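Residue numbers (this note's numbering): 2 to 91.
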């Protein structure tokens with residue numbers, strides 16, 4: 002099986018190079034499209050989050066969200082004076 006593939010590669014190296022370059026260019030363009038869309042989405046989200054009024058931002062060093070119950074912290078902050086709303090953003 003590998004012998005046949007190697008034989009075809011040696012005999013038709015021009016076709017192999019053309020196919021390889023075509024696949025490489027297509028993959029690069031596809032990846033660039035995905036990265037561009039992600040960048041646009043990030044910028045839109047960043048601009049939208051700038052319009053949200055935030056007074057307190059808390060962060061936890063424990064990154065395992067299944068091990069930590071954030072609802073207790075949210076309830077404690079919600080009971081403080083002059084707190085209008087609390088929301089978890091993970």
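Ideal Cβ placement from N, Cα and C applies to all residues, glycine included.
Being a predicted model, the structure only gives us computed values, none of them experimental.
**OP:** State the Cα-Cα distance for the pair residue 90 and residue 27, rounded to the nearest angstrom.
**Re:** 37 Å
Subject >> Closest by C-alpha distance to residue 62, when choosing among 71, 17 and 21 >> reply: 71
Subject >> Inter-residue Cα distance where the pair is residue 47 and residue 34 >> reply: 20 Å
Subject >> Element boundaries [alpha helix (DSSP H), containing residue 70] >> reply: Counting along the chain, residue 70 falls outside any alpha helix (DSSP H), and DSSP gives it neither H nor E.
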